[in-house]
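To keep things clear, I will list the structure first and then write my remarks on it.
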Amino acid sequence: MAGCASVNLSCYIRTLNEEKRLAHVLQAVGHVSDDIVVVDSGSSDKTIEIAQAYGARVIEQAWLGNGFQKRVGEQACKHDWVLDLDADEILTTELITQIQQVLARKPNIDEVFGLRLITVPPYGKPWYHFAIDERHKLYNRQFVQMPGHKAWDQLELPMNTKTTTLHGNLLHYSFSGIAQMSDKWNKVSSRR
């Protein structure tokens, strides 16, 4: 992978029909990871071909559920330091630099790093002051692992875990268009 830093970091990404966004995700993560694992749950578009073109290892796995699917990717990683990305999350240049700096200093096995997700709507500019979410996505799998759970796909950290938030942004392109954004909000609001 061109531009790949010499760091021991793996990245795993779940996919299903992500041909429109995946190349951008892989291009960015290639600057911090020399081992990218794509766990695909049955794409019918060019997702797999794009992943392979960027040098990612593709695991074809029928959908097991959120946490289980991520666990498949986590376990397939070559390195203990892993980055959990979704196929609609793109590392910014600033975040790439911060991840490289973290790995260069050889963090302790029990350090966990949070990333700031900034939602990017299907129109306009990213929502830097709204819909900011922090997720623990950079960690050592010898210390903590993704839960094997059908619905839950976030790390459950042991008490007193040292966490550090990196301040570069992880751009979250969670909406493919205005109609999909409206549908998503309606589903969420109906559950409350």
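For the sequence shown, the working numbering gives the first residue as 2, with consecutive numbering after it.
Note that beta-carbon positions come from the ideal geometry of N, C-alpha and C, so glycine has one too.
Quick caveat, the model's predicted, so the values are computed rather than measured.
When the Cα atoms are used, G56 and L158 turn out to be separated by approximately 31 Å. Taking the Cα positions, G74 is about 6 Å away from V38.
Within the same chain, Cβ atoms closer than 8 Å to the Cβ of T98 are found at G169, the five residues on either side in sequence being excluded. Counting only residues of its own chain and dropping the five nearest sequence neighbours on each side, R22 has a CB closer than 7 Å to the CB of A88, D89 and Y174. Approximately 16 Å separates the beta-carbon atoms of K71 and D81; this is outside 8 Å, ruling out the contact. CA-CA distance, L171 to T120, rounds to 9 Å.
Counting only runs of 3 or more residues that sit fully inside the segment 91-150, the beta strand (DSSP E) segments are 112-120 and 133-141, in chain order. The DSSP-derived three-state label of R72 is helix. Looking at the DSSP output, N170 shares a beta bridge with R117. Rounded to whole angstroms, the separation of the alpha carbons of K151 and H32 is 31 Å. When rounded, the separation of the alpha-carbon atoms in G66 and S11 is 21 Å.
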